[in-house]
Amino acid sequence: MELRGKQKRFLRSQAHHLDPIVQIGKNGLTDTVYDQVDDILERRELIKITLLQNTDEDIQDVAWRMEEELGCSAVQIIGRIIVLYRPSSKDKYQKISPLVKKM
1 MELRGKQKRF
11 LRSQAHHLDP
21 IVQIGKNGLT
31 DTVYDQVDDI
41 LERRELIKIT
51 LLQNTDEDIQ
61 DVAWRMEEEL
71 GCSAVQIIGR
81 IIVLYRPSSK
91 DKYQKISPLV
101 KKM
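The opening residue of the sequence shown carries number 1 in full-length UniProt numbering; numbering runs sequentially from there.
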């Protein structure tokens, strides 16, 4: 899913006030992390993930692998924080995606 610049700017502004929900630590990207992120993205559409100091993962690599595995978009990477977006497939959870589609 490719987002236009205007859409990314909007999503970054929406994510500004969010706290990181998922933390990736020394175990790196496990199946549990993928399942957790997938479930949270389905319910929230926009989330922040943080990489802890004790992880050996590269932030760019994590963002790319999340995009490949989960079909989401990395909206922003700042330091050790990634902002991910994916429209929810359930209507009751779609709060941000209708606004993004209008842009």
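C-beta: ideal position from N, C-alpha, C; glycine also.
Bridge partners for residue i per DSSP, in chain order?
i	result
residue 113	Here the chain covers residues 1 to 103 and nothing more, so residue 113 does not appear.
I78	I81
S73	Y85
Check residue i in the structure and name its three-state DSSP category.
i	result
Q23	strand
T30	coil
K92	helix
Please report how far the alpha carbon of residue i lies from the alpha carbon of residue j, in whole angstroms.
i	j	result
D61	Q53	16 Å
L51	P98	30 Å
Y34	S89	17 Å
L18	L84	12 Å
W64	M103	25 Å
Y93	E42	7 Å
Along the chain, where does the alpha helix (DSSP H) containing residue i start, and where does it finish?
i	result
R12	5 to 15
K102	97 to 102
Write down the C-beta distance between residue i and residue j rounded to the nearest angstrom, noting that I regard them as a contact closer than 8 Å.
i	j	result
I47	V22	7 Å
Indicate whether at least one CB of chain C lies closer than 8 Å to the CB of residue i.
i	result
Q23	Among the protein chains of the structure shown there is no chain C, as only one such chain exists.
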